[in-house]
Each structure stands twice: as structure tokens, then as C-alpha cells.
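Note that this note's numbering has the sequence shown beginning at 9, numbered continuously upward.
Single-structure report; data block below.
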Amino acid sequence: MNLPESYIPILIQAGVAVGFVAVSLLGAHFLGPQQKKGNSVKNQSWECGVPSEGNARTPFSIKYFLTAVLFVLFDIEIVFFYPYAVNFREFGMEGFLAVLTFVAIFFMAFFYVWKRGALDWDK
Numbered sequence: 009m010n011l012p013e014s015y016i017p018i019l020i021q022a023g024v025a026v027g028f029v030a031v032s033l034l035g036a037h038f039l040g041p042q043q044k045k046g047n048s049v050k051n052q053s054w055e056c057g058v059p060s061e062g063n064a065r066t067p068f069s070i071k072y073f074l075t076a077v078l079f080v081l082f083d084i085e086i087v088f089f090y091p092y093a094v095n096f097r098e099f100g101m102e103g104f105l106a107v108l109t110f111v112a113i114f115f116m117a118f119f120y121v122w123k124r125g126a127l128d129w130d131k
């Protein structure tokens, strides 16, 4: 196998990463605390000292996940404004029009989500 020299550091880093993960998982398994099997009171779930109610596997409303995805989507939009804010003089009118296009697309997405009722919690 004849690899170019530029691949050697990448392979070393990948090997170190895989080795670290393997050592961490095996170390946690063998050196970590061992739980005893059984249905004792000590192994039951507690929430702040209050006995738990119901099953932990009850499904969440889709509104919860939809709100989380929308938050991430519109929050990431703000990250893209930082490079523009730092360099807005260098971008000139072409950069300004690009940012206006970017904002227009996100406003269209926002109004679409709003009209579809994704932001109404009462439904």
C-alpha cells in the first residue's frame, strides 16, 4: 500500500481518535461502578426525592420537536450575519443585496411556518 505522505497525519489522527474512544469505553466499563441486578429500591428512578409517576416512554407532542427544529433553524440564521457585520464595508452593494436575498428567503420560510400554524400552541 503506497499512500501519499499527506495522508499520514490524517491516519495518525484518526487512529488516535479511535484509540481514545476505545480506551474510554473500555475503561468506563471495567473501572466504573458496577450496579447490582435486581429490582431493589436503590435501583429505582427518583426525581428530586419525589416518587416518579407514569412511564418514561410516553411520547412527546410533535410541537415540542417542531419548535426545537425551528429555533435551531432561525437561530443559525443569526450566525451567518456575523461575517457580514464584520466585513459589510468591504462587501459593498453586492454584499448588501446578497444579505437582503438571504433575509428575504428566511422571511418567506418564517411566514410559511406561521401560516401553517406551527407557532400556535393552542392547536
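Think of the CB as a built atom: it goes at the ideal place given N, C-alpha and C, for glycine as much as any other residue.
Exercise. Tell me, to the nearest whole angstrom, how far the beta carbon of F114 is from that of G103; I am working on the premise that it is less than 8 Å.
Key: Wrong, their Cβ atoms sit about 17 Å apart, outside the cutoff.
Quiz prompt | Among F82, D130, W129, G100, the one whose alpha carbon lies nearest that of A112 | solution = F82
Quiz item: Can you give the Cα-Cα distance for A30 and A36, rounded to whole angstroms?
Solution: 10 Å
Self-check item: Coil, strand or helix - N10 by DSSP
Solution: coil
Quiz item: Quick one: what does DSSP say K123 is sitting in, helix, strand or coil?
Solution: helix
Quiz item: Which residues in the same chain as L78 place their Cβ atom closer than 7 Å to its Cβ, once the five residues preceding and following it in sequence are excluded?
Solution: V121, A126
Practice problem: Just tell me which of L19, L33, R124 has its CA closest to the CA of L74. | Solution: R124
Self-check item: Where P91 falls: helix, strand or coil (DSSP)
Solution: helix
Exercise. Rank F119, A117, F89, M116 by C-alpha distance to the C-alpha of A106 and give the top, closest one.
Key: F89
Exercise. Would you kindly check if the distance between the Cβ of W129 and the Cβ of K44 is under 8 Å?
Key: no
Quiz item: alpha helix (DSSP H) containing Q21: first to last residue?
Solution: 16-39
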